[in-house]
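At position 92 of the sequence shown the residue is numbered 313 (this note's numbering), and the sequence of numbers has no breaks. C-beta: ideal position from N, C-alpha, C; glycine also. Since we're looking at a predicted model, the values are computed, not measured. Reviewing the structure listed below.
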Amino acid sequence: MRDRFRIEAARLGVHRYWVARGELRDQTFPVPEGPSAVTLDRVRCSGVDFSGLHFDEFSSFASEFDGCDFSETTFGTFSGGASGVGGTLFSGQTWPQSVYRNCVFRRTRFPQPVFLGNVRFEKCVFDRSRLRGMTWTQEAEFVGCTFLGRVREVNFWGLPVLHQWPPFEKVPLGRGRNEFTGNDFSRAEVEWVAFKHIDLDAQKWPGLPDHALLDRISERVPAVLKLVGSWPDTPHRKQAWSNLEFLAAGTREHGVDDKALVHRLVIGNRLPPELRDEVFKALGDDHRLIQQ
222 MRDRFRIEAA RLGVHRYWVA RGELRDQTFP VPEGPSAVTL DRVRCSGVDF SGLHFDEFSS
282 FASEFDGCDF SETTFGTFSG GASGVGGTLF SGQTWPQSVY RNCVFRRTRF PQPVFLGNVR
342 FEKCVFDRSR LRGMTWTQEA EFVGCTFLGR VREVNFWGLP VLHQWPPFEK VPLGRGRNEF
402 TGNDFSRAEV EWVAFKHIDL DAQKWPGLPD HALLDRISER VPAVLKLVGS WPDTPHRKQA
462 WSNLEFLAAG TREHGVDDKA LVHRLVIGNR LPPELRDEVF KALGDDHRLI QQ
């Protein structure tokens with residue numbers, strides 16, 4: 222039996238917000254008058270239209286969204302997989318996950334920074350959304366999603382990094398890994414994005430400009446450092462040397478199978494183009510750019 226959808230006023234100290242519960246299908250999400258701070262508590266949304274709406278605060282706890290449209294939605298804050306409701310941490314054994322399936326985020330304005338929480342995106346489309354400065358994504362899963370447009374300064378994590386929630390203990394997710402597979406970045410502009418403990422071979426990359434998916438980073442970097450070491454002792458040499466060592470260290474710590482997705486600017490965004498191109502070409506000589 223379907224749970225009746227309801228949305229009720231709530232208060233935490235001086236903070237006023239709304240709590241939604243139940244099931245909602247095939248209609249526009251009913252934003253109440255007044256403060257647009259909404260928490261969805263175990264809500265089931267199917268075919269719900271959130272497009273063009275503005276939320277000062279948007280928080281979903283243990284909720285599911287199927288085929289929902291978030292096009293041009295604006296979020297002041299966005300906690301896609303919140304840890305509780307009304308400032309109270311849940312009391313279960315594991316942190317419940319919110320799931321978004323077949324949802325569209327087209328020109329969606331996410332806040333910067335954003336805390337995604339324990340959230341899973343399945344076959345969602347992020348089309349020219351403002352995906353920038355997303356560094357608090359340690360518990361987020363992405364499966365079969367498509368990314369279009371700019372994705373900048375984002376961290377994606379294959380191994381969750383659990384936070385301490387004072388005065389509580391670290392909260393278990395009920396899993397040891399975040400699933401991150403089958404995602405299509407082939408039509409995205411990926412800039413300063415880190416894929417930590419993620420199998421790069423399990424994603425789609427063809428057509429990315431100024432990128433190379435390189436194997437054997439532990440071998441390539443020392444070889445190219447010899448080239449850079451032959452340059453005159455200038456700030457250009459120092460920057461290229463430092464950036465290459467950072468690439469090698471990051472791959473050792475967070476890479477899978479000694480592989481990394483390398484952007485041309487990683488060599489040194491302040492280097493003259495001819496020097497940057499020289500190092501990028503040397504780093505990628507005989508590389509295997511994986512076409513899928």
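- Residue 252 is not a Cβ neighbour of residue 278, given a cutoff of 8 Å.
- If you check the CB distance, residue 399 and residue 423 do not come in under 8 Å.
- Under DSSP, residue 459 shares a beta bridge with no residue.
- Here residue 226 has 241, 242, 243, 244, 245 and 264 as same chain residues with Cβ atoms under 8 Å from its own Cβ, once five neighbours each way along the sequence are excluded.
- Note on geometry: alpha-carbon atoms of residue 395 and residue 294 lie some 31 Å from one another.
- For residue 382, there is no enclosing beta strand (DSSP E), as DSSP marks it with neither H nor E.
- Taking one beta carbon from each stretch, the region 405-418 and the region 373-384 have 3 or more pairs nearer than 8 Å; the two touch.
- The residue from 408, 470, 276 and 437 with its alpha-carbon nearest to that of residue 296 is 276.
- Bounds of the beta strand (DSSP E) holding residue 240 are 236-242.
- When the alpha-carbon of residue 300 is set against those of 284, 338, 497 and 318, the nearest one is in 338.
- Between residue 381 and the set 370, 283, 340 and 487, the nearest pair of CA atoms involves 340.
- For residue 231, the enclosing beta strand (DSSP E) stretches over residues 227-233.
- For residue 487, the CB contacts under 7 Å within the same chain, skipping 5 residues up- and downstream, are 464 and 468 in chain order.
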